[in-house]
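Take 0 as the starting number for the sequence shown in numbering that gives the first Met the number 0 and just add one per residue.
Just so it is clear, CB atoms sit at the ideal spot from N, CA and C, and this is done for glycine as well.
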Amino acid sequence: MDSACLDSRGNTGESASAPVTVRLLTGADAPAAIPGLTDVLLDCVEGGASVSFMSPLDRTTAEGFWRSVVAGVEQGERILLVAEDGEGVLGTVQLVLAQPPNQPHRADLSKMLVHRRARRRGVGAALMQAAEEAGRTAGKTLLVLDTASPDAERLYTRAGWIKVGVIPNFALWPEGGFCDAAFFYKALV
Ligand SMILES: CC(C)(COP(=O)(O)OP(=O)(O)OC[C@H]1O[C@@H](n2cnc3c(N)ncnc32)[C@H](O)[C@@H]1OP(=O)(O)O)[C@@H](O)C(=O)NCCC(=O)NCCS
């Protein structure tokens, strides 16, 4: 799937007020999205999300992260999806396609991020749906993820993902202190 639209109530279809599009970025058009992706990452970390980075996260470090992601897209190792409206990037998610030789059928779903200004409008759900479709198109039959976010857990459960369990003290919150991580999988059939 290259793109999908949802309206301001989170339904697919065109909306005159707030159309949101989910787009799969190619290596050619991903660099232009880096400023918007950086804004989303900075906002999520500032908002307390445990997504690899500690607080305060500076713009240079965040941009460097996205440049490495774009390099992975260019090399065919990652799929990068963005949700956008007329004002720019609202959210993003990745599939890590590059896996060990004995796991060619698997991908990791990573960095599901929605800017706080765009939450609770169905953007996360639209990104999940697009990521799963992109995984199928890439020939993947198993997706795996982990999360420290109860909001994300509900999103994944609604999308039919299976929670395997929780690893205590898996990572740190951006401001410090351990957080647990819940692991999920979904078989793409
Ligand atoms: C987790 C996250 C991605 C969810 O994104 P989102 O765009 O808000 O997700 P959705 O809008 O699809 O769903 C969120 C909630 O809004 C509700 N919702 C969706 N569309 C709605 C609408 N039109 N009107 C009212 N509510 C709506 C959903 O039912 C859901 O409700 P719930 O939380 O009570 O279960 C977002 O909170 C986030 O980026 N968190 C910080 C980063 C993070 O921790 N990411 C997870 C890394 S693994």
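Spatial distance of residue i from residue j (CA atoms)
i: residue 48; j: residue 61; result: 14 angstroms
i: residue 150; j: residue 181; result: 12 angstroms
i: residue 29; j: residue 169; result: 31 angstroms
i: residue 143; j: residue 107; result: 5 angstroms
i: residue 32; j: residue 88; result: 8 angstroms
i: residue 77; j: residue 176; result: 30 angstroms
i: residue 35; j: residue 41; result: 10 angstroms
i: residue 100; j: residue 85; result: 41 angstroms
i: residue 163; j: residue 146; result: 12 angstroms
i: residue 25; j: residue 79; result: 8 angstroms
i: residue 18; j: residue 117; result: 12 angstroms
i: residue 187; j: residue 141; result: 6 angstroms
i: residue 98; j: residue 74; result: 13 angstroms
i: residue 139; j: residue 152; result: 22 angstroms
i: residue 156; j: residue 56; result: 29 angstroms
i: residue 178; j: residue 114; result: 21 angstroms
Distance between beta carbons of residue j and residue i, contact taken as under 8 angstroms
i: residue 50; j: residue 112; result: 7 angstroms
i: residue 95; j: residue 22; result: Contact doesn't hold; Cβ gap of about 19 angstroms is too wide.
i: residue 71; j: residue 39; result: With 8 angstroms as the limit, residue 71 and residue 39 do not qualify as a contact, their Cβ atoms being about 17 angstroms apart.
i: residue 173; j: residue 44; result: 5 angstroms
Cut-off 8 angstroms between Cβ atoms - residues of its own chain near residue i, not counting five sequence neighbours on either side
i: residue 158; result: 124, 127, 128, 131, 185
i: residue 148; result: 48, 49
i: residue 171; result: 49, 53, 177, 178
i: residue 137; result: 78, 94, 96, 106
Neighbourhood of residue i by C-beta, 7 angstroms cutoff - its chain only, sequence neighbours within 5 removed
i: residue 37; result: 58, 61, 62, 65
Proximal residues to residue i (C-beta, below 6 angstroms), its chain only, five neighbours per side dropped
i: residue 154; result: 123
i: residue 160; result: 183, 185
i: residue 93; result: 77, 79, 109, 110
i: residue 166; result: 180
i: residue 53; result: 173
i: residue 46; result: 115
i: residue 102; result: none
i: residue 0; result: Because the pLDDT of residue 0 is 42, which lies under 50, any placement of that residue in the model is unreliable, and the number read from its coordinates should be weighed accordingly. Counting only Cβ-Cβ distances below 6 angstroms, and skipping sequence neighbours, we find 129, 132.
Checklist entry - What residue ranges within the region 72-144 form continuous alpha helix (DSSP H) runs of no fewer than 4 residues, ordered along the chain? => result Segments of the alpha helix (DSSP H) lying fully in the region 72-144: 122-136.
Checklist entry - Are at least three pairs of beta-carbons, each pair with one atom in the region 98-106 and one in the region 132-143, less than 8 angstroms apart? => result Below 8 angstroms, enough C-beta pairs join the region 98-106 and the region 132-143 to call them touching: three or more.
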